[in-house]
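Report on one structure; see the data block that follows.
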DNA sequence: CAAACAAAGATTGTATACAATTTTGTGTTC
DNA sequence: GAACACAAAATTGTATACAATCTTTGTTTG
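Residue numbers (my numbering), protein chains in the order written: chain A, 1 to 232; chain B, 233 to 464.
Rendered as structure tokens:
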């Protein structure tokens, strides 16, 4: 991702593309929770007017990645401990069922794609790119939701996974910010075996494990210049 | 709700207030699925510029009440049979658990409020206001989610309940568009008794019943002039 | 009459200008 | 140095102007 979409591409940035770029930056921890997202600054970075930026920010506010306060502007959301708990609780309610359904539906191509995700994730780690690895780790979950072929629930899971990256930035207390390696492997195996019950149970314990790795007793995030963060 | 917020109130309509007004109109079946939502027309109705209207429409598109097509404008969403099925399936996954939690947490005040909802709903029916009754019927469900005090899941349920009103408009095949009277009463009783297991089971069967009342084999909705629909 | 094409009108997407609100900077007083 | 008041600058909210795209209408052709 270069400086700004408009600078090097034939198409000007749209609200959607800016929202996606910001979402990715947030997900990869290139922008920290609490970071001010000034409309003028973003308009400069992306080479569009404030109108387009405002639409992007409004969209991101709907999935709670961005917090907009009237007359005070937008910033990257900073979930409270309560919100963090709720997000993981919601995941624990939705994702096991999704894994169950996915195990019944997964094709060879699906399994291959999941395995590619896992190896891409580890490649990113080896390349000292933990942000990328974190993003891919989350994408693994949304990919399982896609396989389950229930778009409504998959949409909720996508939102929850995105918010999880903010929560991890704020509350994670393990050295690695990632899901444990073997948990994803075991899930892929259960899906490959078409073992719905196993997939469901593995997903549940995986999420309970993630939830338990959160220290939900307040701490502060770091800040970073906006332009730097958006230029990996 | 009079002609337009700006016409009679000290405050001009905001994106949020317009989105709420449109959502209510959709929920009460005053605007049908598929209805074109022209920016200029809405700007006239609400006495604001297109900028504010666009923000409202974008917000509504995020909860899938409105469908925005680039360069073609916005219309009230028209869920497909697949989407309809998914929405109720998601509700069947989320709401029983929510009812379970609500039964454990409900206060006397909560129960009184739910009972008031039920009687308001019947008053609306008696007043030959089925749209209002439908809205209140849905609100009963979101109220239970509020009692459960899990904002993340309650947010999802709110979205699903709103979309349900569109689905009912398109696919409902019973004479009354409402939840059955005794189902809500029984739920309130289970909550009042603090019987979490009963509440969960009653909610599940209630939703399965609603789901079964849908004829998910395509049919068309009606259309209505926009100004008429927004002036109850 | 139907089909194809062009022109006119309407609508949507976006930039820019203006109004309103907030933040920052400066000076004064204690 | 801290607190306060005020002015200036910056940012956010919204209207309006302009550009791009789509839809409707009118005209021509077979």
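Built from N, CA and C at the ideal position, the CB exists for glycine as well.
| query | result |
| --- | --- |
| Identity of the residue in B:274, B:257, B:336 and B:275 nearest residue 297 of chain B by Cα | B:257 |
| Nearest residue (CA-CA) to residue 321 of chain B, options A:214, A:115 and A:152 | A:152 |
| Within-8 Å CB hit, residue 12 of chain A to chain B | no |
| Residue-level contact to chain A via CB, residue 384 of chain B, 8 Å cutoff | yes |
| Best match in A:167, A:82 and A:147 for proximity to residue 188 of chain A [C-alpha to C-alpha] | A:147 |
| Those runs of the alpha helix (DSSP H) which lie wholly inside the segment 383-422 of chain B and span at least 4 residues | 383-403 |
| The alpha helix (DSSP H) enclosing residue 212 of chain A, as first and last residue numbers | 196-212 |
| Where the segment 97-127 of chain A meets chain B: residues whose CB sits under 7 Å from a CB there | 97 |
| Test: residue 90 of chain A CB closer than 8 Å to a CB of chain B | yes |
| Cβ contact (3+ pairs, closer than 8 Å) linking the segment 70-81 of chain A and the segment 31-41 of chain A | yes |
| Residue range of the alpha helix (DSSP H) that includes residue 48 of chain A | Where residue 48 of chain A is concerned, there is no enclosing alpha helix (DSSP H), given that its DSSP letter is neither H nor E. |
| Buried versus exposed, by CB contacts within 10 Å (16 or more), residue 164 of chain A | buried |
| Residues within the segment 44-60 of chain A neighbouring chain B, beta-carbon criterion of under 9 Å | 51, 54, 55, 58 and 59 |
| Alpha-carbon to alpha-carbon, residue 426 of chain B and residue 19 of chain A | 44 Å |
| Closest Cα partner of residue 255 of chain B within the set B:354, B:416 and B:392 | B:392 |
| Counted within 10 angstroms of its Cβ, other Cβ atoms place residue 444 of chain B as buried (16 or more) or exposed | exposed |
| Three-way DSSP call (helix, strand, coil) for residue 290 of chain B in this model | helix |
| Closer than 8 Å at the beta carbon, the chain A residues around residue 318 of chain B | 150, 151, 152 and 153 |
| Spatial distance of residue 121 of chain A from residue 113 of chain A (CA atoms) | 12 Å |
| Neighbour list for residue 325 of chain B in chain A, Cβ cutoff strictly below 8 Å | 93, 94, 97 and 153 |
| Assigned exposure category for residue 67 of chain A - 16 Cβ within 10 Å defines buried | buried |
| For residue 276 of chain B and residue 125 of chain A, the rounded distance between their alpha carbons | 55 Å |
| Element boundaries [beta strand (DSSP E), containing residue 306 of chain B] | 305-308 |
| Alpha-carbon spacing of residue 363 of chain B relative to residue 92 of chain A, whole angstroms | 36 Å |
| Neighbour-count burial assignment, residue 142 of chain A, 16 or more Cβ in a 10 Å radius | buried |
| DSSP state of residue 97 of chain A mapped onto helix, strand, coil | helix |
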